[in-house]
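Asks: Take 24 as the starting number for the sequence shown in my numbering and just add one per residue. My questions all concern the structure below.
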Amino acid sequence: MIITGRSADVPPRDLHDGKTVFHVKKRVLIGPAQGARNYVMRLFTLGKGGMTPYHTHPWEHEVFIVQGKCLIKSGMEEIPVAAGDFAFVPPNEAHQFVNAGDEPLEFICVVPKEGEPTG
24 MIITGRSADV
34 PPRDLHDGKT
44 VFHVKKRVLI
54 GPAQGARNYV
64 MRLFTLGKGG
74 MTPYHTHPWE
84 HEVFIVQGKC
94 LIKSGMEEIP
104 VAAGDFAFVP
114 PNEAHQFVNA
124 GDEPLEFICV
134 VPKEGEPTG
């Protein structure tokens, strides 16, 4: 059975902690609750000044920028991407996503199920 839905109908989880995460909301669009056994699709929204923590993990992830401007920080690199662009983050690659614009940044991030333990 094919499952469909609207991202606006999925309640966001506010991840802002004021220490390493700023103005970040996450929606799990597809995961175990929808029957996905291997991957989880999440939609992140970063408000103005928003950023994810600088971190690493043992799984890869695939990212598609839906709207806005983003800097992907990794090591000494700052890689600019914008709506319509995609990025592949290999396993164990340190990274951070930063909203580089005045408008909200939205991106889809797909990870294996171990990358989203709550699904």
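Glycine is no exception: its CB is placed at the ideal position from the N, C-alpha and C atoms.
Can you tell me which of N61, P35, V44 and P55 puts its alpha carbon nearest to the alpha carbon of P135?
Replies: Locating residue 135 in the sequence shown gives position 112, counting from the first residue. The option with the nearest alpha carbon to P135 is N61.
Asks: Could you say if the stretch 75-85 and the stretch 110-119 meet the contact criterion of at least three C-beta pairs nearer than 8 Å?
Replies: Verdict: yes, contact present.
Asks: Which term fits F45, buried or exposed, when burial requires 16 or more other beta carbons within 10 angstroms of its beta carbon?
Replies: Looking up residue 45 in the sequence shown gives position 22. Buried is the call here.
Asks: Return helix, strand or coil for P135, following the three-state DSSP convention.
Replies: For the purposes of this step, residue 135 is taken as the residue at position 112 of the sequence shown. Note: P135 maps to strand in three-state DSSP.
Asks: With V44 as the anchor, note down where its beta strand (DSSP E) starts and where it stops.
Replies: The sequence position of residue 44 within the sequence shown is 21, counting from 1. From DSSP, V44 is part of no beta strand (DSSP E); its letter is neither H nor E.
Asks: Kindly list the residues whose CB is nearer than 6 Å to the CB of L128, restricted to its own chain and excluding five residues on each side of it in sequence; keep chain order.
Replies: Sequence index remark: in the sequence shown, residue 128 carries index 105 (1-based). So the qualifying residues of the chain are L69, G91, C93 and N122.
Asks: Less than 6 Å separating the Cβ of G70 from some heavy atom of the ligand ATP?
Replies: Absence of the ligand ATP is noted for the structure shown, with no ligands found whatsoever.
Asks: Taking the alpha-carbon of V133 as reference, which of M74, Q119, A110 and V104 has the nearest alpha-carbon?
Replies: Position 110 of the sequence shown, counted from the start, is the residue given in the question as residue 133. Of the listed residues, the one whose Cα sits closest to V133 is A110.
Asks: Classify V98 as buried or exposed, calling it buried when 16 or more other Cβ atoms lie within 10 Å of its own Cβ.
Replies: As a position in the sequence shown, residue 98 is number 75, starting the count at 1. Just to set this straight, residue 98 is Gly in the shown sequence, not Val. G98 is exposed by the Cβ-count criterion.
Asks: Is F67 closer than 7 Å to I143 when the C-beta atoms are compared?
Replies: The question about residue 143 has no answer, for the chain in this structure spans 24 to 142.
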